[in-house]
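J.: The structure's right below; bear with me while I get my questions together.
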Amino acid sequence: MADVLKTSSGRVRKKTGYHHGDLRNAIIEAVAKLIAKSHSLDFQLKEVGKMVGTSVPAIYRHFESKQDLLVETAIAGYVLQENYRSYALDQAGDMVLSRLLAVGYAYVHFARSHPGYFLLMKSMETEEILSSETYQAQRYKTIRLMDELVTECSSEGYFTDVEKDLVLAALQAAAFGIANLYTADQLRYVAPGLIGQEDVVARLFKISLRAVLSEAGNRAVETVAGDPFQDIPNKPE
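Heads up: the sequence shown at position 9 corresponds to 529 in our numbering, and the numbers run straight through without jumps.
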């Protein structure tokens, strides 16, 4: 899927690329693309330079080291993920169960659209990334939002009598698993009949969520807002 950003009108549009001369962002984007291609951090800065048409010394004018570049790439990834989440929450309405699912939809579609950023943030965090105060603040913001939504859903009686941490872990496992079906290109092997069905993400989330839903929750999940990314063409960048 092409990059999705909110406009002031609330509509979605494709990101068209960087402004001319925005070398720093172009370098970060090149790193994300290299990670998506190789599923590793084993790349050289000269490869990055080749992709954006610049030299290694020019990269060092923007980033102190490769590790510094990875930290900034991870931080940029969280900004992109939050763009997806903000858009999804805007479409979800006030029903808390809809909002909880919206966060999951945003997580998966961010991964599908930006696999390099997703892999770096979720599977390849370096010590330097984890030591970044900015990165940790971004992560905490997401965790706090999920905690608040799950707490509110529990107060509405949507969940069975299970501990909150178990619900949070179950939701994370579902989101991470669904995202990896796409980033690892596993859907074609485990469920090829689902390829091309854009409602798959919503159906998988609802199936996963039912494991912790009460009777009231199961009734409510049938009325929640749908996946806001479902009708956006899923085109490779």
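Positions of the beta carbon are idealized from the N, C-alpha and C atoms, including for glycine. As the structure is a prediction and not an experimental result, all values here were calculated from the model.
Whole angstroms are fine: how far does the CA of L554 sit from the CA of E676?
T.: The residue given as residue 676 occupies position 156 in the sequence shown. The residue given as residue 554 occupies position 34 in the sequence shown. Their backbone Cα atoms lie some 44 Å apart in a straight line.
J.: Leaving out the 5 sequence neighbours to the left and right, which residues in its chain are closer than 8 Å to Q587 when beta-carbon positions are compared?
T.: Locating residue 587 in the sequence shown gives position 67, where the first residue counts as 1. Answer for Q587: T646, E648, listed in chain order.
J.: For Q706, count neighbouring Cβ atoms within 10 angstroms of its own Cβ and tell me buried if that reaches 16, exposed if not.
T.: Within the sequence shown, numbered from 1, the residue matching residue 706 stands at position 186. With fewer than 16 other Cβ atoms within 10 Å, it is exposed.
J.: Counting beta carbon pairs with one atom in the region 571–591 and one in the region 605–615, are three or more of them shorter than 8 Å?
T.: No contact exists between the region 605–615 and the region 571–591.
J.: So what does DSSP say about F801, is it helix, strand or coil?
T.: Outside the modelled stretch of the chain, which goes from 521 to 757, sits residue 801, for which no answer is possible.
J.: If you drop the 5 nearest sequence neighbours on each side, which residues of the same chain put their C-beta closer than 7 Å to that of V616?
T.: Here residue 616 refers to the residue found at position 96 of the sequence shown. The residues are L669, E672, C673, E676.
J.: Beta-carbon separation of V720 and L729 under 9 Å?
T.: As a first step, residue 720 is located in the sequence shown; it is residue number 200 there, counting from the start. As a first step, residue 729 is located in the sequence shown; it is residue number 209 there, counting from the start. Their beta carbons are not under 9 Å apart, which means V720 does not touch L729 by this criterion.
J.: If we ignore side chains and look at the alpha-carbon of each, how far apart do K557 and R739 end up?
T.: Residue 557 sits at position 37 when you count from the first residue of the sequence shown. Residue 739 sits at position 219 when you count from the first residue of the sequence shown. The straight-line gap from Cα to Cα measures roughly 42 Å.
J.: Indicate whether L688 and M666 have their beta-carbon atoms separated by less than 9 Å.
T.: Taking the first residue of the sequence shown as position 1, residue 688 is located at position 168. Taking the first residue of the sequence shown as position 1, residue 666 is located at position 146. Yes; because the gap between Cβ atoms is below 9 Å, this pair is in contact.
J.: Kindly indicate which residue of L691, V551, A626 has the alpha-carbon position closest to the one of V572.
T.: Here residue 572 refers to the residue found at position 52 of the sequence shown. Ranking L691, V551, A626 by Cα distance to V572 puts V551 first.
J.: Just curious, the alpha helix (DSSP H) that R739 is in, first and last residue?
T.: The count along the sequence shown starts at 1 and reaches residue 739 at position 219. Unbroken alpha helix (DSSP H) run through R739: 735–741.
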